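Numbering (this note's numbering), first residue to last: 4 to 160.
Glycine included, C-beta positions come from ideal geometry on N, C-alpha and C.
These numbers were taken from a predicted model, which means no experiment stands behind them.
Okay, so here's the structure we're looking at.
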Amino acid sequence: VIQAAIDANEKQKRRMVEKIALAMGINGRLDNRIIGVLGLSFKPETGDMREAPSIDIIRGLVQLGAKIQAYCPQGMTESKWRLIEIEKSIKYMESEYEASKDADALVIITEWPQFRGLDLEKIRYNMSDNYFFDLRNIYAKREDEMKKMFKYYGVGV
Numbered sequence: 004v005i006q007a008a009i010d011a012n013e014k015q016k017r018r019m020v021e022k023i024a025l026a027m028g029i030n031g032r033l034d035n036r037i038i039g040v041l042g043l044s045f046k047p048e049t050g051d052m053r054e055a056p057s058i059d060i061i062r063g064l065v066q067l068g069a070k071i072q073a074y075c076p077q078g079m080t081e082s083k084w085r086l087i088e089i090e091k092s093i094k095y096m097e098s099e100y101e102a103s104k105d106a107d108a109l110v111i112i113t114e115w116p117q118f119r120g121l122d123l124e125k126i127r128y129n130m131s132d133n134y135f136f137d138l139r140n141i142y143a144k145r146e147d148e149m150k151k152m153f154k155y156y157g158v159g160v
């Protein structure tokens, strides 16, 4: 049962990378696309990145050619050594708004409370394209509003 849960979680992370690549990619590639990532830690209110989905998702996006602009209130210090092998493809930003600057897409991976109250107009203005991947369905109840500003994708949407 435990192994089945682990396998399901791994499959889900791969599906998220595939979802992003299918939406944004050219022939499944994300070459030179800038992706803002919000939330690196395993869960909100901690810097712990053990088993954090962000690790595999970021690695997968970078393998497809993406450049990452990451922000997490507490997870960036640990992320820097956990993702050292791809450090040239990741910039660590000072805020969620800085992570969205000139980004082709924004991806919410960890459900930090501050990400629930984003200034969406500011985010959209900052971005060079308007893909928004809400992997925690934070904005799913506002899907109609989100789809007016972004190419919005929630999990299962």
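- Task: Using the Cα positions of Q66 and K125, report the straight-line distance between them to the nearest angstrom.
- Result: Going from the Cα of Q66 to the Cα of K125 covers about 29 Å.
- Task: Report back the beta-carbon spacing between I38 and I89 to the nearest angstrom; my notes put them in contact at under 8 Å.
- Result: Actually they are not in contact, since the Cβ atoms of I38 and I89 sit about 13 Å apart, beyond 8 Å.
- Query: Tell me which same chain residues have a C-beta within less than 6 Å of the C-beta of N140, skipping the five on either side of it?
  - Reply: Excluding positions up to five away in sequence, the list reads G157 and V158.
- In chain order, which continuous runs of the beta strand (DSSP E) of length 3 or greater are located wholly inside the region 17-76? Every beta strand (DSSP E) of 3 residues or more that sits fully in the region 17-76 is shown, in chain order, as 37-41 and 70-74.
- Where do the ends of the alpha helix (DSSP H) carrying A102 lie? Segment E99 to S103, the alpha helix (DSSP H) holding A102.
- Task: With I126 as the anchor, note down where its alpha helix (DSSP H) starts and where it stops.
- Result: That run of the alpha helix (DSSP H) goes L123 to N129.
- Option in M149, K91, T80 and L86 with minimal Cα separation from E97: Measuring from the Cα of E97, the nearest candidate turns out to be T80.
- Task: In angstroms with no decimal places, state the Cα-to-Cα distance between I93 and I60.
- Result: Going from the Cα of I93 to the Cα of I60 covers about 13 Å.
- Message: By alpha-carbon positions, which one of L25, L41 and G42 ends up nearest to D34?
- Response: The shortest C-alpha separation from D34 is found at L25.
- When DSSP builds the beta bridges, which residues end up paired with I111? DSSP, once it has assigned bridges, lists L41 and D137 as partnering I111.
- Item | Inter-residue Cα distance where the pair is E69 and R36 | Sequence check: residue 69 is Ala here, not Glu. One C-alpha to the other measures close to 5 Å.
- Buried or exposed: W178, going by 16 or more other Cβ atoms within 10 Å of its Cβ? Nothing about residue 178 can be read from this structure; the chain reaches only from 4 to 160.
- Message: Can you tell me whether G78 is helix, strand or coil according to DSSP?
- Response: Residue state, collapsed to three classes: coil.
- Message: Let me make sure I understand the geometry here. Which of V20, E99 and F45 has the alpha-carbon closest to that of G120?
- Response: Cα-wise, what sits closest to G120 is E99.
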